[in-house]
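Undergrad: Heads up: the sequence shown is residues 31 to 498, going by this note's numbering.
We put the beta carbon where it would ideally sit given N, CA and C, even for glycine.
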Amino acid sequence: MAVMGSNLARNFAHHGYTVAVYNRSPQRTRDMIADHGSEGDFLPAESLADFVASLERPRKAMLMVQAGKGTDAVIAELVPLLEEGDMIIDGGNAHFADTMRREASVREHGIHFVGTGVSGGEEGALKGPSIMPGGSAESYESLGPILEAVSAKAPDGTPCCAHLGPDGAGHFVKMVHNGIEYSDMQLIGEAYDLLRRGSAMRPAEIADVFTDWNAGELESYLIEITAEVLGHTDAETGRPFVDVVVDQAGQKGTGRWTVQTALDLGVPVTGIAEATFARALSSGTVQREGLKGLLDGPNAETTATPKEFASDVRKALYASKIVAYAQGFDEIRAASAEYGWDIDLGLPSALWRSGCIIRAGFLDDITKVWRSNPNLPSLLAAPEFAKIVNEAGPAWRRVVAFAASAGIPVPGFSSALAYFDSLRSSRLPAALIQGQRDFFGAHTYKRTDKDGVYHTDWSGDRSEEKMS
Ligand code: 6PG
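1) If we require 4 or more residues per run, which alpha helix (DSSP H) segments fall completely within the region 357–427?
2) If distances are taken between C-alpha atoms only, which option among Gly140, Asp65 and Asn420 comes closest to Glu168?
3) Which of the three DSSP states is assigned to Ala124 in this structure?
4) Tell me which residues share the same chain as Ala364 and place their Cβ nearer than 6 Å to its Cβ, disregarding the 5 neighbours each side in the sequence.
5) Going by Cα to Cα distance, which pick from Asp264, Val343 and Ala64 is closest to Trp243?
6) Entirely within the region 44–131 and at least 4 residues each: give me those alpha helix (DSSP H) ranges in chain order.
7) Short of 7 Å in beta carbon distance, which residues of its chain neighbour Leu532, apart from the five on each side in sequence? Order them along the chain.
8) Locate the alpha helix (DSSP H) running through Thr288, then write down its first and last residues.
9) Considering Cα atoms alone, identify which of Gly200, Leu194, Phe72 and Gly115 is closest to Asp128.
10) Hey, could you find the ends of the beta strand (DSSP E) Val144 is sitting in?
11) Compute the beta-carbon to beta-carbon distance between Leu260 and Ile236, rounded to the nearest angstrom, for a pair I have assumed lies under 8 Å.
12) Since Asp264 and Val274 should fall inside the 8 Å C-beta cutoff, what is the C-beta to C-beta distance between them, to a whole number of angstroms?
13) Using 8 Å as the cut-off, classify the Cβ of Lys282 as near or not near the heavy atoms of the ligand ZN, replying yes or no.
14) Looking at C-beta atoms only, is the number of pairs between the region 179–188 and the region 308–319 that lie closer than 8 Å three or more?
15) Just to confirm, does Ser172 get its C-beta within under 8 Å of one of the non-hydrogen atoms of the ligand 6PG?
16) Quick check on the DSSP output: what are the complete alpha helix (DSSP H) runs of length 4 or more inside the region 142–220, in order along the chain?
17) Heavy atom of the ligand 6PG less than 8 Å from the Cβ of Asn123, yes or no?
18) Quick check on the burial criterion: 16 or more other C-beta atoms within 10 angstroms. Buried or exposed for Thr284?
19) When the Cα of Ile352 is compared with those of Gly423, Pro74, Trp287 and Lys476, which residue comes out closest?
20) Under 8 Å: do the region 150–162 and the region 32–44 share three or more Cβ pairs, one atom per stretch?
21) In angstroms, rounded to a whole number, what distance separates the CA positions of Leu347 and Ala461?
22) Taking Cβ to Cβ, would you say Leu112 is nearer than 9 Å to Trp371?
23) Which residues does DSSP list as the beta-bridge partners of Ser250?
24) Excluding five sequence neighbours on each side, which residues of the same chain lie with their C-beta closer than 8 Å to the C-beta of Arg89?
25) Looking only at its chain, what residues have a beta carbon closer than 6 Å to the beta carbon of Phe240, apart from the 5 residues adjacent to it on each side?
26) DSSP state of Glu494, grouped into three classes?
27) In the DSSP output, which residue or residues are listed as bridge partners for Tyr484?
28) Take the Cβ of Arg95 as the centre, count every other Cβ of all protein chains shown within 10 Å, and call the residue buried at 16 or more, exposed below.
29) I need the boundaries of the alpha helix (DSSP H) containing Gly301, first residue and last residue.
30) Could you name the residues of the same chain whose beta carbon sits closer than 7 Å to that of Asp238, not counting the 5 residues immediately before and after it, in chain order?
31) With H, G and I counted as helix, E and B as strand and the rest as coil, what does DSSP make of Asn459?
32) Going by DSSP, what residues sit across from Asp256 in a beta bridge?
33) Within this structure, are the beta carbons of Gly358 and Ser213 separated by less than 9 Å?
34) Are Glu133 and Gly174 closer than 9 Å when you measure CB to CB?
35) Measure the C-alpha to C-alpha separation of Gly143 and Cys191 and round it to an integer number of angstroms.
36) Please determine, among Gly209, Met92 and Lys476, the residue with the shortest C-alpha to C-alpha distance to Ile387.
Structure (structure tokens):
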């Protein structure tokens, strides 16, 4: 019955469902009923046994508890009270591997375990979040309609909730959603920094730029709230709010999981990785404090007009954002193959169209791309997205080159451009790396002109041997 849990319970009740509610400390349940009991049909319980007894069969017990050990503890208490066919639904930000483990162990008791992503923060939980459920298809038959009823609705009216695949598929997609969220936020942060330091715009002016951008291809919740945050003035000092906040970004771990998992799967999610490291760098006070005044560099402003510069930054932001999404989808596809989830690639973007933190106009276009061609090698291979990134090229390069010459760090923009350039290069320096590997470790290499695997006798006469 913390905020997310009680808001979701209220959302269920607002849709006409009878909702049993339970919290480990009963006072929280009492408070929630005192504040919101009149909004719908609630059955408050003061013990887990009473909570379970008040549920209709097959029981649907949804957990909104802190991810990790807390979730395991509640599951251990709940399982003996449930019967075959009942369901436990975990709506927390659990790691997908934990969800796979929990699903397998709970299944032994004939109980369904549904790990589901829930995005949209407190307001989303109350008014309609984006919901990303995994678990068995059988559990979705009776659970799905309830979750769909309380979920956000996309502009075309479809619920932002659908079954993504078995066991950990839902939590995996939520994890990648959060990774993309990190990347979106970092890119927006870099765009702000460029406008602020690179063309001396004030936060209130930059707020107007973001408001303007929100009316175009960048239209999204994060751009919208960026304008709000930048336009806000600190009541105490009268200074821009953004200037009184300590510049250290926190993280609870979902971005890190996205990157760790991508490393395991061998998927380059460079945009998400840079965004995650940028948060760590901002909070790395030992290095930032310790190196203050020691490192030198330029501090320059653009010669372009603010309007021209903002237009370049907008194009670079959109292109970098498309790259980050392409990488996130690559990770979902790789995990789906690795774990046999068979995720329909058009679903995550469809579910992210409303309710969630990364909701954005262009998710409709991404959904259409995957729906019409699920076998594309990358989102960037879709002609409409290839056209956007290709056309953004000159502006993107101007922005990254300017940032380097002006000493403004843009790890998100520049890594996205490097990814784009890597993909379009016909030859990469990886050939040299293969040569080095063969030199020091006889790791072998393949040739461009004939089949087989080769090794050069680097320490001897440099003759080449065909190894297989
Ligand atoms: C959402 C958010 C939500 C939350 C994350 C942020 O989809 O509603 O992603 O899950 O805001 O916990 O994580 P950090 O604290 O790591 O930024």
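TA: According to the data block:
1) If we require 4 residues or more, the alpha helix (DSSP H) runs fully inside the region 357–427 come out as 376–381 and 392–402.
2) Your numbering for residue 168 matches position 138 in the sequence shown. The shortest C-alpha separation from Glu168 is found at Gly140.
3) In the sequence shown, counting from the first residue as 1, residue 124 sits at position 94. Look at Ala124 here: in three-state DSSP terms it is coil, with no helix or strand label.
4) As a position in the sequence shown, residue 364 is number 334, starting the count at 1. Taken in chain order, the residues that qualify are Leu295 and Val297.
5) Translated into positions along the sequence shown, residue 243 becomes position 213. The option with the nearest alpha carbon to Trp243 is Val343.
6) For the region 44–131, whole alpha helix (DSSP H) runs of length 4 or above, ordered along the chain, are 56–66, 78–83 and 99–108.
7) For the chain, the structure presents residues 31 to 498; residue 532 sits outside this window and is missing.
8) As a working note, residue 288 is residue 258 in the sequence shown. Start and end: Thr284 to Leu295.
9) Numbered from 1 along the sequence shown, position 98 holds the residue referred to as residue 128. Comparing Cα-Cα distances from Asp128 to each of Gly200, Leu194, Phe72 and Gly115, the minimum goes to Gly200.
10) For the purposes of this step, residue 144 is identified with residue 114 of the sequence shown, where counting begins at 1. Taken as a continuous stretch (DSSP letters only), the beta strand (DSSP E) holding Val144 covers His142 to Ser149.
11) Numbered from its first residue, the sequence shown carries residue 260 at position 230. Numbered from its first residue, the sequence shown carries residue 236 at position 206. 5 Å between Cβ atoms; contact.
12) Here the question's residue 264 lines up with position 234 in the sequence shown. Here the question's residue 274 lines up with position 244 in the sequence shown. For Asp264 against Val274, the beta-carbon gap comes to about 5 Å, under 8 Å, which counts as contact.
13) In terms of ligand content, the structure shown lacks the ligand ZN and carries the ligand 6PG instead.
14) With a cut-off of 8 Å, the region 308–319 and the region 179–188 do not count as touching, because too few Cβ pairs lie within range.
15) Along the sequence shown, read from residue 1 onward, the residue named residue 172 stands at position 142. Flag unset: Cβ of Ser172 not near the ligand 6PG.
16) Correct list: 151–157 and 167–180.
17) Here residue 123 is taken as the residue at index 93 of the sequence shown, counted from 1. Indeed, a heavy atom of the ligand 6PG lies less than 8 Å from the Cβ.
18) Taking the sequence shown and counting its residues from 1, one reaches residue 284 at position 254. Per the 10 Å Cβ criterion, buried.
19) The residue you call residue 352 lines up with position 322 of the sequence shown. Cα-wise, what sits closest to Ile352 is Gly423.
20) At 8 Å Cβ cutoff, the stretches touch.
21) Translated into positions along the sequence shown, residue 347 becomes position 317. Translated into positions along the sequence shown, residue 461 becomes position 431. Cα to Cα, Leu347 sits roughly 32 Å from Ala461.
22) As a working note, residue 112 is residue 82 in the sequence shown. As a working note, residue 371 is residue 341 in the sequence shown. The Cβ atoms of Leu112 and Trp371 do not sit closer than 9 Å to each other.
23) In the sequence shown, counting from the first residue as 1, residue 250 sits at position 220. Ser250 pairs with Ala390.
24) Within the sequence shown, numbered from 1, the residue matching residue 89 stands at position 59. Excluding residues up to 5 positions away in sequence, Val82, Leu112, Glu113, Asp116 and Met117 lie with their Cβ nearer than 8 Å to the Cβ of Arg89 in the same chain.
25) Against the sequence shown, residue 240 aligns to sequence position 210. Once the five neighbours on either side are set aside, the close Cβ partners of Phe240 are Ile253, Thr256 and Ala257.
26) Counted from its first residue, the sequence shown places residue 494 at position 464. The answer is strand: DSSP assigns Glu494 an E or B state.
27) Along the sequence shown, one-based indexing puts residue 484 at 454. According to DSSP, Tyr484 bridges with Tyr475 and Lys496.
28) As a working note, residue 95 is residue 65 in the sequence shown. Contrary to the premise, residue 95 reads as Val rather than Arg in this sequence. Counting Cβ neighbours within 10 Å, Val95 comes out buried, since at least 16 surround it.
29) If you number the sequence shown from 1, residue 301 lands on position 271. It spans Thr300 to Ser313 - the alpha helix (DSSP H) in which Gly301 sits, taken as one unbroken run.
30) Along the sequence shown, read from residue 1 onward, the residue named residue 238 stands at position 208. Closer than 7 Å at Cβ, skipping near neighbours: no residue.
31) Here residue 459 refers to the residue found at position 429 when the sequence shown is read from its first residue. Checking the displayed sequence, the identity of residue 459 turns out to be Pro instead of Asn. Coil.
32) Numbered from 1 along the sequence shown, position 226 holds the residue referred to as residue 256. The displayed chain sequence assigns Thr, not Asp, to residue 256. According to DSSP, which records beta bridges pairwise, Thr256 is partnered with nothing at all.
33) What you label residue 358 is simply residue 328 of the sequence shown in a count that begins at 1. What you label residue 213 is simply residue 183 of the sequence shown in a count that begins at 1. Contact flag set, yes.
34) Reading the sequence shown from its first residue, position 103 is the one you call residue 133. Reading the sequence shown from its first residue, position 144 is the one you call residue 174. Taking 9 Å as the Cβ cut-off, Glu133 and Gly174 do not qualify as a contacting pair.
35) In the sequence shown, the residue the question calls residue 143 occupies position 113. In the sequence shown, the residue the question calls residue 191 occupies position 161. For the sequence presented, residue 143 should be read as Phe rather than Gly. Those two C-alpha atoms are separated by around 17 Å.
36) For the purposes of this step, residue 387 is taken as residue 357 along the sequence shown, with counting starting at 1. The residue with the shortest Cα to Cα distance from Ile387 is Gly209.
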